[in-house]
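S.K.: Sending over a structure as structure tokens; questions will come in a sec.
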Amino acid sequence: MSGRPAARGPVQPATAAPSQATAGVGNAIPGGDPVAGQLAVLAARLAAEAGLAAKRDIQPAAATFAHQPFPELGPAAALGDDAALLPAQSGRLLLACEGMHPGLVEEDPWFAGWSGVLVNLSDIAAMGGRPLALVNSLWCRDPQRSEALLAGMRFACGRFAIPMVGGHSNLHSPYDALSVAVLGTTEGPVLSARSATAGDQLWMVVNQRGAFHRHYPFWDAATQADPAQLRAQLALLPRLAAEGLVHAAKDISMGGLVGTAVMFAEAADLRLSLDLEAIPRPDGVTEEAWLRCFPSFGFLLAVRPELQSRLVDVLARDPALLAAPIGCFAGGDPALVLQRGAEAVTLWSGGEGLTGFGPLHQEPGDPAETA
214 MSGRPAARGP VQPATAAPSQ ATAGVGNAIP GGDPVAGQLA VLAARLAAEA GLAAKRDIQP
274 AAATFAHQPF PELGPAAALG DDAALLPAQS GRLLLACEGM HPGLVEEDPW FAGWSGVLVN
334 LSDIAAMGGR PLALVNSLWC RDPQRSEALL AGMRFACGRF AIPMVGGHSN LHSPYDALSV
394 AVLGTTEGPV LSARSATAGD QLWMVVNQRG AFHRHYPFWD AATQADPAQL RAQLALLPRL
454 AAEGLVHAAK DISMGGLVGT AVMFAEAADL RLSLDLEAIP RPDGVTEEAW LRCFPSFGFL
514 LAVRPELQSR LVDVLARDPA LLAAPIGCFA GGDPALVLQR GAEAVTLWSG GEGLTGFGPL
574 HQEPGDPAET A
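Numbers in my numbering are just positions in the sequence shown, counted from 1, shifted up by 213.
See the structure below:
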């Protein structure tokens with residue numbers, strides 16, 4: 214939406230009066246007003262400026278999203294200014310951004326738009342936070358190709374009751390692309406993956422009432438779900454954090470359960486053992502498909518052993534959730550070990566690195582270095 218919503222109608226180039234020249238500045242017709250002729254020509258040139266015409270690309274977004282996401286803040290919070298005005302928040306802020314896979318944008322743009330919102334909300338929840346507002350950057354080859362992407366985002370915003378408050382639109386791009394970002398808040402504790410400790414149990418929590426979306430590894434338990442249930446599940450992680458039942462978490466992302474477990478072990482700088490026989494899955498889903506899949510609602514949690522019974526009591530209140538302890542964290546060199554009975558295989562070791570966000574090291578300019 215980048216900046217101001219477009220005018221209600223197309224911007225039309227100004228035209229000179231019949232008695233005025235438009236061929237060039239200063240070439241007024243004899244007997245006419247040369248100053249007025251120059252102004253008309255200047256206006257025509259400015260109106261035809263490409264930068265002004267490009268602002269029409271905002272119109273599809275302006276026609277898609279509600280213009281007053283926070284009506285209690287008055288007109289200053291209506292969409293169309295250079296930045297979105299949001300309600301004041303207590304606690305700390307969380308910021309996340311996701312780019313959609315080009316293949317998904319090309320083949321299934323509605324689902325790409327939907328997913329762009331969904332994955333950002335999950336990222337905020339994984340930190341024990343609550344999402345506040347979203348923005349997007351949309352690049353399409355023409356306005357028609359933007360329609361499904363915008364519709365998918367609008368549907369997701371409505372389902373989760375989180376507003377889209379701005380962004381950028383380019384509908385004359387040589388390619389189609391979508392990126393979505395979200396701002397969230399947390400009262401704490403923050404569920405940083407770095408907070409996992411040796412001795413913690415690894416829990417999996419997934420909404421099992423779904424199905425794979427087309428030929429993709431996406432376990433969709435959201436597009437057909439009751440919005441009230443979606444919002445309640447999104448609020449689960451902040452609740453678990455506030456009650457002290459969970460102290461570290463990761464959203465199960467495109468890397469699937471196993472890939473997310475690797476990122477968890479890397480961030481925590483711990484050895485993580487995954488018991489494949491302990492991982493529950495929906496009927497009819499193969500083990501490998503489940504380990505690879507990207508669920509619409511799925512998290513890995515670090516839980517202290519003495520808190521597991523209380524966690525079970527909370528999770529049991531939602532029968533849609535598939536939850537179980539599936540592994541444990543231990544000291545030693547960071548690694549992910551897959552176990553099945555007496556057999557164990559190291560899938561990843563910390564020496565290889567994955568994301569590069571492993572153990573924290575003091576960097577030049579750190580406050581600790583100059584204190």
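All C-beta atoms in this analysis are idealised placements derived from N, C-alpha and C, irrespective of residue type, glycine included.
Helix, strand or coil: which one does DSSP assign to Ala-438?
M.R.: Reduced to three states, the DSSP call for Ala-438 is coil.
S.K.: Which residues bound the beta strand (DSSP E) around Glu-311?
M.R.: Taken as a continuous stretch (DSSP letters only), the beta strand (DSSP E) holding Glu-311 covers 305 to 312.
S.K.: From Ser-303 to Ala-266, what distance separates their C-alpha atoms?
M.R.: Roughly 41 Å between the two C-alpha positions.
S.K.: Identify whether Thr-398 lies in helix, strand or coil by the three-state DSSP scheme.
M.R.: In this structure, Thr-398 counts as strand in the three-state DSSP scheme.
S.K.: So, at 6 Å on beta carbons, what are the nonlocal neighbours of Ala-297 in its own chain, with the 5 sequence-adjacent residues on each side left out?
M.R.: Only Val-378 and Gly-379 meet the Cβ criterion.
S.K.: Of the choices Asp-464, Phe-324 and Gly-342, whose alpha-carbon is the least far from that of Phe-512?
M.R.: It is Asp-464.
S.K.: Below 8 Å between beta carbons: does that hold for Phe-477 and Ala-409?
M.R.: The answer is yes: Cβ separation under 8 Å.
S.K.: Of the choices Ser-382, Leu-524, Ala-291 and Thr-568, whose alpha-carbon is the least far from that of Ala-454?
M.R.: Minimum Cα distance to Ala-454 is reached at Leu-524.
S.K.: Leaving out the 5 sequence neighbours to the left and right, which residues in its chain are closer than 6 Å to Ser-335 when beta-carbon positions are compared?
M.R.: Only Asp-464 meet the Cβ criterion.
S.K.: Within 8 Å, do at least three Cβ pairs link the region 358 to 372 to the region 418 to 430?
M.R.: The region 418 to 430 vs the region 358 to 372: no contact.
S.K.: Do the CB positions of Ala-555 and Arg-484 come within less than 8 Å of each other?
M.R.: Contact flag unset, no.
S.K.: Quick check on Arg-354: does DSSP put it in helix, strand or coil?
M.R.: Arg-354: coil per DSSP, three-state reduction.
S.K.: Under 8 Å by Cβ, that's how I've got Ile-471 and Leu-504 pegged, so tell me the actual separation to the nearest angstrom.
M.R.: Here residue 471 is Val; the residue named in the question, Ile, does not match the sequence. 5 Å between Cβ atoms; contact.
S.K.: In the DSSP assignment, the alpha helix (DSSP H) including Gly-563 goes from what residue to what residue?
M.R.: Unbroken run through Gly-563: none, as it is neither H nor E.
S.K.: Indicate whether at least one CB of chain C lies closer than 8 Å to the CB of Glu-456.
M.R.: Annotation note: the requested chain C is absent from the structure, which comprises a single protein chain.
S.K.: For Pro-538 and Gln-442, which I take to be in contact (beta-carbon distance under 8 Å), what is that distance rounded to the nearest angstrom?
M.R.: Actually they are not in contact, since the Cβ atoms of Pro-538 and Gln-442 sit about 24 Å apart, beyond 8 Å.
S.K.: With 16 as the cutoff for other CB atoms within 10 Å, does Ala-236 come out buried or exposed?
M.R.: Confidence at Ala-236 is low in this model, with a pLDDT of 40, below 50, so its placement is unreliable and no value can be given for it.
S.K.: Give the C-beta separation of Ser-350 and Ser-392 to the nearest angstrom, bearing in mind that I take them to be a contact with Cβ-Cβ under 8 Å.
M.R.: The pair is a contact, with the Cβ atoms about 5 Å apart (cut-off 8 Å).
S.K.: Given a cut-off of 8 Å on the beta-carbon distance, is the pair Leu-308 and Leu-396 in contact?
M.R.: Cβ distance < 8 Å, so Leu-308 and Leu-396 count as in contact.
S.K.: Are His-331 and Ala-369 close, meaning C-beta to C-beta below 8 Å?
M.R.: The question names His, but residue 331 is Leu in the sequence shown. It is a contact, given that the beta carbons lie within the stated cut-off.
S.K.: In angstroms, rounded to a whole number, what distance separates the CA positions of Ser-232 and Leu-259?
M.R.: Caution is warranted here: a pLDDT of 38 is assigned to Ser-232, below 50, making its placement in the model unreliable, and no coordinate value can be reported.
S.K.: Can you list, in chain order, the residues of its chain with a C-beta nearer than 6 Å to that of Arg-494? Leave out the 5 residues immediately preceding and following it.
M.R.: Within the same chain, Arg-494 has close Cβ partners Trp-503.
S.K.: From the DSSP output, read off the bridge partner residues of Gly-383.
M.R.: The residue asked about is misnamed: residue 383 is Asn in this sequence, not Gly. Answer by DSSP bridge pairing, in chain order: Trp-352.
S.K.: For my contact list, Gly-571 and Glu-479 are in at a C-beta cut-off of 8 Å; report their separation, rounded to the angstrom.
M.R.: That pair is a contact at about 5 Å.
S.K.: What three-state label does DSSP hand Ser-466 in the structure shown?
M.R.: Three-state DSSP puts Ser-466 in coil, outside helix and strand.
S.K.: Give the straight-line distance between the Cα atoms of His-428 and Thr-473, rounded to the nearest whole angstrom.
M.R.: Taking the straight line from one Cα to the other gives about 21 Å.
S.K.: Am I right that Val-498 and Leu-549 are in contact with their C-beta atoms under 8 Å? What's the rounded C-beta distance?
M.R.: Wrong, their Cβ atoms sit about 22 Å apart, outside the cutoff.
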